[in-house]
Amino acid sequence: MALLLARHDVERLLDADALLAALAEGFRAISADPRVDAPARSALSAGDKGSLLTMPGFVPELQFGTKLVSIFPGNAAAGLPSHQGLIVLMDPATGAVSALLDAEHVTAMRTAGAATLAAKLLARPESRVMTILGAGVQGRAHLELMSRHFELETVFVASRSRASAEAFAARDDRVVVADSIEAAVRASDIICLCSQSAEPLVLADWVQPGQHISSVGYAPPGGELDPAIAAAHTLFVEARIAFAPPPAGCAELRGIDPGRGTELGELLLGLRPGRRAAAEVTVYKAMGHAIEDLVVANLVHRAAIERSAGRVVDL
Numbered sequence: 016m017a018l019l020l021a022r023h024d025v026e027r028l029l030d031a032d033a034l035l036a037a038l039a040e041g042f043r044a045i046s047a048d049p050r051v052d053a054p055a056r057s058a059l060s061a062g063d064k065g066s067l068l069t070m071p072g073f074v075p076e077l078q079f080g081t082k083l084v085s086i087f088p089g090n091a092a093a094g095l096p097s098h099q100g101l102i103v104l105m106d107p108a109t110g111a112v113s114a115l116l117d118a119e120h121v122t123a124m125r126t127a128g129a130a131t132l133a134a135k136l137l138a139r140p141e142s143r144v145m146t147i148l149g150a151g152v153q154g155r156a157h158l159e160l161m162s163r164h165f166e167l168e169t170v171f172v173a174s175r176s177r178a179s180a181e182a183f184a185a186r187d188d189r190v191v192v193a194d195s196i197e198a199a200v201r202a203s204d205i206i207c208l209c210s211q212s213a214e215p216l217v218l219a220d221w222v223q224p225g226q227h228i229s230s231v232g233y234a235p236p237g238g239e240l241d242p243a244i245a246a247a248h249t250l251f252v253e254a255r256i257a258f259a260p261p262p263a264g265c266a267e268l269r270g271i272d273p274g275r276g277t278e279l280g281e282l283l284l285g286l287r288p289g290r291r292a293a294a295e296v297t298v299y300k301a302m303g304h305a306i307e308d309l310v311v312a313n314l315v316h317r318a319a320i321e322r323s324a325g326r327v328v329d330l
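Residue numbering for the sequence shown follows our numbering, starting at 16 and increasing by one per position.
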C-alpha cells in the first residue's frame, strides 16, 4: 500500500517555515555524511522539445527515493509548467513503495528554498532591492520565500514576455517591471536568475560590489549565468558534482576548478567561510540535487501521515 499525494495535497502540506531547516539538514548530510548516496542524475532527450531527468538519492534515517522530472521549456506557450514529474519514496527496511508525490511543487519550493537559504547565508542582511529574471513558477516561489527572510522594498522583474512580467508585478505592490535588465541588476542587492535561458541574462560588467547573485536555471549546453561571473567571484554550490559536465552538473561552471566552490553544507558546518567583506560578490549556482527532493518529499510525507491526507492506493 502506498500513499498518493497529488499536487494540491503537496501544496497544502508543505510547510514553508520548515522547508529551509529540512534543506539545511540535507546539505549538511551531503557535505559530511559518507552514507549519503546520490548518483549523478541522468537525462533522456526528447529531441528539441525537452528532456527527462532521473534523480535517485538516499539519506540515512529517511526513506530513499527517485524523482522523475521532465523539462520542456516550450510548455509555457501551451499554459503548461516547464517542469512536471513524480517522486517515489520507498521504505529502506523493505524496499516497498511508501508514497507517490507530484513533483512540480516540491521542485519549485526546494529550488527556491535552497536559493533563499544561500541568500540568508551570503547576502548582506540589509539587502532591500532584488531583481528576479523569470516570471514563471520559480520566479513566484523566489519572491514568496525571499520575502520571508529579507525586508524587501523594491523587486524588479523581467521576463521574455512583457505580459508575464506585468501579471507577476500585479501580485505585489513592491514589484516593478524592469524597463532595462542592466539598470535593474546594477541597482539590486540580490539578483535571482530563474529562467530557461540558454544565453547569459546578466553580464559580468554589470555586477556591483556587495551583490549576491543566484542562478537556478538549467539549459545546457548553455545557461543563464555568464560563466565570467562564476569565474571571477566567490562561488557556492549545493555539491561539487555541479562542476561535472551536464546533465549531472552545470554548463556555466565548465572549466572552473571545483576547489574554488564551497558547498552550502560546508558553509553551514563552519568548514569554509561565506561572505568575508561587505564589498565581496557572492554567487550561488544551483544544479538541483536529489537530496533536496528527498528531504522535502519526506517532510511532506510525514505531514500527510500526521494529518491523514492523500489517498492510499494498492499498487
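The beta carbon of each residue, even a glycine, is placed where N, CA and C say it ideally should be. Remember, it's a predicted structure, so these values are computed and weren't measured experimentally.
Contact between Leu250 and Val298 holds: CB atoms are separated by about 5 Å, below the 8 Å threshold. Segment contact: the stretch 144-160 against the stretch 173-180, three or more CB-CB distances shorter than 8 Å; contact assigned. 8 Å or more divides the Cβ of Leu28 from the Cβ of Ala312. Here the C-alpha atom of Ala213 lies approximately 11 Å from the C-alpha atom of Pro88. Pro49 places its beta carbon 8 Å or farther from that of Phe79. Fewer than three Cβ pairs drawn from the stretch 128-137 and the stretch 108-115 lie within less than 8 Å of each other, which leaves the two stretches out of contact. Two segments are said to touch when three or more pairs of C-beta atoms, one from each, lie closer than 8 Å; by this definition the stretch 155-171 does not touch the stretch 212-227.
Only residues of its own chain outside the window of five on either side were considered, and among them Ala55 have a CB closer than 7 Å to the CB of Ala259, listed in chain order. For Leu160, no beta strand (DSSP E) segment is defined; the enclosing uninterrupted segment is the alpha helix (DSSP H) at 152-164. Restricting attention to Ser85, Val74, Gln226, the CA atom closest to the CA of Met145 is found in Gln226. In this structure, the alpha-carbon of Ile205 lies about 7 Å from that of Ala138. By the criterion of a C-beta distance shorter than 6 Å, Cys207 is surrounded in its chain by Ile147, His157, Ser229, once the five residues flanking it on both sides are discounted. DSSP lists no beta-bridge partner residue for Ser179. Within the stretch 216-300, the complete alpha helix (DSSP H) runs of at least 4 residues fall at 242-247, 279-283. Runs of the alpha helix (DSSP H) lying entirely within the stretch 59-141, each at least 4 residues long, are 119-137 in chain order. According to the DSSP secondary-structure assignment, Arg326 is paired through a beta bridge with Leu19. In the three-state reduction of the DSSP assignment, Leu35 falls in the helix class, which pools H, G and I. At a Cβ-Cβ threshold of 8 Å, Thr169 and Val191 count as neighbours.
Counting along the chain, Leu314 sits inside the alpha helix (DSSP H) bounded by residues 305-321. In the assembly as shown, Met16 is an exposed residue. Its beta-carbon has fewer than 16 other beta-carbons within 10 Å. With 16 or more other Cβ atoms inside 10 Å of its own Cβ, Ala53 counts as buried. By the criterion of a C-beta distance shorter than 7 Å, Leu19 is surrounded in its chain by Leu115, Gly325, Arg326, Val328, once the five residues flanking it on both sides are discounted.
Taking C-beta atoms as the reference points, Cys265 and Ala254 fail to come closer than 8 Å. Taking 8 Å as the cut-off, the beta carbon of Gly100 is found no closer than this to the beta carbon of Glu307. Counting the other CB atoms within 10 Å of its CB gives Asp117 a total of 16 or more, which places it among the buried residues. Between Leu279 and Gly72 a beta carbon distance of about 16 Å is seen, past the 8 Å cut, so the two are scored as non-contacting. Per DSSP, the continuous beta strand (DSSP E) segment holding Val144 begins and ends at 144-148. Exposed is the label assigned to Ser57, since fewer than 16 other Cβ atoms lie within 10 Å of its Cβ. In the structure shown, the three-state DSSP call for Ala202 is coil.
Counting C-beta atoms within 10 angstroms of its own C-beta, Leu284 has fewer than 16 neighbours from the protein chains shown and is therefore classed as exposed.
A straight-line Cα-Cα distance of about 8 Å links Ser97 and Ser85.
Contact between Val51 and Val74 is confirmed by a C-beta separation of about 6 Å, below the 8 Å threshold.
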